[in-house]
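Participant: In this note's numbering, the protein residues as written are 77 to 474.
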């Protein structure tokens, strides 16, 4: 009897916390399913994950190699290696013509680490933070795990799927918001906000006392028009960026924030306690990556060709409706002519056509059942083969 009681008490010790009860990031589940097919000898074209097929620039790889041979890999300052912070500051001058003091820059463990630090520094448990749908799922999931409430605001064709100041203030009037987060170029849509749209949104947010967070990790991958940084428009915005996308350094896990001056010390204290510092080798490589732009621009030209292949080819497969393909390396396609269940559609496309893509419900629990996200970060040959396979599969379903 005593042993049975002890077992029951032990079960309680192994129960996960309520805050850990967040939905899975579905793209990772698609990757796992694709890996099982490949393990069984199948050939899958990977369009599910937002990961460049190209490696990090040679300048980054060589800098990391040299550091391993010549230097101790010690802790760094919690805010990051000073020379890297200075180089990021220079990047804002070179790329946007805007002065950003290096003292406002915090190096982070990818953009994911930046979101955690930024949310912890800016919001209290219970705070309501607006995010757009469709949108990157971990925005919602991280906020939820930290005890905040993500407030979903739908976007539409009328605004090119950009959040407007009017829509933000309408949501704020219903129940007050503490923050708002937007990305441009956006994941999963690839749409971008114009200078006018971003200016309007930041102005509306600040007029209502709503803190503004700008996800700029796809900057550099802009095709329709140049991306605008929120750092140019407000000193109060929290800007998050990463070396993962443009610089092809996903696994190095290094990103950065431009923080409002009053937030730098709180973020530093959090970083000291949560991570001590970002991996030193990754920081060394990241600083050198800025000198590999010629290599990265060649990769970008490949994305532009892949974009053309999909924009021209998918309509011939019957997928003629998709959101503006402005930037990043995503095409968000409307599949409602074929299904009302994007999760099932993605599963069948993987199984029957050998093309892995991510169902829209991962990004939008409201209307995502009608959409599929295709990532075109791989080779042009793979994009052509994907179009061929999708066309053949969809024709066979008719």
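Beta carbons are placed, not taken as given, at the ideal position from N, Cα and C, and that holds for glycine.
Fair warning: this is a prediction, and the values are worked out from it, not measured in the lab.
Please classify residue 151: is it buried, with 16 or more other beta-carbons within 10 angstroms of its beta-carbon, or exposed?
Facilitator: Exposed, because fewer than 16 other Cβ atoms sit within 10 Å of the Cβ of residue 151.
Participant: Which residue from 232, 125, 154, 298 puts its Cα closest to that of residue 208?
Facilitator: Taking only the C-alpha atoms, the option nearest residue 208 is 232.
Participant: Identify which residue in 212, 136, 415 has its Cα closest to the Cα of residue 262.
Facilitator: Checked all of 212, 136, 415; the closest Cα to residue 262 is 212.
Participant: Please give the ranges of any beta strand (DSSP E) in the stretch 167-217, keeping only runs that are unbroken, at least 3 residues long and fully inside the region.
Facilitator: Complete beta strand (DSSP E) runs here, min 3: 181-184, 204-209.
Participant: Kindly list the residues whose CB is nearer than 6 Å to the CB of residue 425, restricted to its own chain and excluding five residues on each side of it in sequence; keep chain order.
Facilitator: Result list for residue 425: 431, in chain order.
Participant: Candidates 354, 367, 437: which alpha carbon is nearest residue 103's?
Facilitator: When only C-alpha atoms are compared, the closest one is 437.
Participant: Please report the distance separating the alpha-carbon of residue 178 from that of residue 406.
Facilitator: So the two alpha carbons sit approximately 32 Å from each other.
Participant: Cβ atoms of residue 408 and residue 266: under 8 Å apart, would you say?
Facilitator: Against a cut-off of 8 Å, the Cβ pair of residue 408 and residue 266 comes out as a contact.
Participant: When the distance is taken between beta carbons, is residue 447 closer than 8 Å to residue 410?
Facilitator: Going by C-beta atoms, residue 410 is nearer than 8 Å to residue 447.
Participant: Nearest to residue 351 by CA position, among 154, 115, 132, is which residue?
Facilitator: Residue 154 is the option with its Cα nearest to residue 351.
Participant: How far does the alpha helix (DSSP H) with residue 288 in it extend, from its first residue to its last?
Facilitator: Segment 287-291 is the beta strand (DSSP E) holding residue 288; no alpha helix (DSSP H) there.
Participant: Taking the straight line between their C-alpha atoms, what separation do you get for residue 389 and residue 200?
Facilitator: Those two C-alpha atoms are separated by around 47 Å.
Participant: Can you tell me where the alpha helix (DSSP H) with residue 276 in it begins and where it stops?
Facilitator: Start and end: 271-283.
Participant: What span of residues does the beta strand (DSSP E) with residue 332 cover, start to end?
Facilitator: Unbroken beta strand (DSSP E) run through residue 332: 331-334.
Participant: What does the alpha-carbon distance come out to for the pair residue 374 and residue 241?
Facilitator: Each residue's alpha carbon lies about 36 Å from the other.
Participant: In the DSSP assignment, the alpha helix (DSSP H) including residue 138 goes from what residue to what residue?
Facilitator: First-last of the alpha helix (DSSP H) with residue 138: 134-146.
Participant: For residue 439, does the three-state DSSP call read helix, strand or coil?
Facilitator: Coil.
Participant: From this set, 360, 206, 427, which residue's C-alpha is nearest residue 162's C-alpha?
Facilitator: When only C-alpha atoms are compared, the closest one is 360.
Participant: Measuring straight from C-alpha to C-alpha, what distance separates residue 460 and residue 94?
Facilitator: Their backbone Cα atoms lie some 45 Å apart in a straight line.
Participant: Rounded to whole angstroms, what is the Cα-Cα separation between residue 292 and residue 299?
Facilitator: In a straight line, the C-alpha of residue 292 is about 15 Å away from that of residue 299.
Participant: Using DSSP's beta-bridge definition, name the partner residues of residue 258.
Facilitator: Note: residue 258 sits in a beta bridge opposite 290.
Participant: If you run the structure through DSSP and keep just helix, strand and coil, what is residue 124?
Facilitator: If DSSP states are grouped into helix, strand and coil, residue 124 belongs with coil.
Participant: Taking DSSP's pairing of strands, which residues face residue 342 in a bridge?
Facilitator: Answer by DSSP bridge pairing: none, since residue 342 is not bridged.
Participant: Check whether chain B comes within 8 Å of residue 330, counting only Cβ atoms and requiring the distance to be less than that.
Facilitator: Structure shown: chain B not included; a single protein chain is present.
Participant: Quick check on the burial criterion: 16 or more other C-beta atoms within 10 angstroms. Buried or exposed for residue 347?
Facilitator: Buried.
Participant: Three or more C-beta pairs closer than 8 Å, one from the stretch 218-226 and one from the stretch 379-396: is that the case here?
Facilitator: Short answer: they don't touch.
Participant: DSSP state of residue 423, grouped into three classes?
Facilitator: Looking at residue 423 - three-state DSSP - the assignment turns out to be helix.
Participant: In this structure, does DSSP put residue 317 in helix, strand or coil?
Facilitator: Reduced to three states, the DSSP call for residue 317 is strand.
Participant: Count the other CB atoms, across all protein chains shown, that sit within 10 Å of the CB of residue 318; report buried if there are 16 or more and exposed otherwise.
Facilitator: It counts as buried.
Participant: Among 324, 159, 290, 396, whose alpha-carbon lies nearest the alpha-carbon of residue 453?
Facilitator: Comparing Cα positions, the closest option is 324.
Participant: In angstroms with no decimal places, state the Cα-to-Cα distance between residue 337 and residue 180.
Facilitator: Roughly 6 Å between the two C-alpha positions.
Participant: Do you know whose CA, among 289, 278, 286, 339, lies nearest residue 309's CA?
Facilitator: Residue 309 has its Cα closest to that of 278, out of 289, 278, 286, 339.
Participant: Should residue 106 and residue 333 be called a contact, given that it needs their Cβ atoms to be closer than 8 Å?
Facilitator: Their beta carbons are not under 8 Å apart, which means residue 106 does not touch residue 333 by this criterion.
Participant: Do you know how far the Cα of residue 225 is from the Cα of residue 142?
Facilitator: Distance between the alpha carbons of residue 142 and residue 225 is about 45 Å.
Participant: Can you round the beta-carbon distance between residue 368 and residue 133 to whole angstroms, since I take them to be within the 8 Å contact cut?
Facilitator: Right, their Cβ atoms sit about 3 Å apart.
Participant: Considering only the beta carbon of each residue, do residue 156 and residue 331 sit closer than 8 Å?
Facilitator: No, the Cβ-Cβ distance between residue 156 and residue 331 is not below 8 Å.
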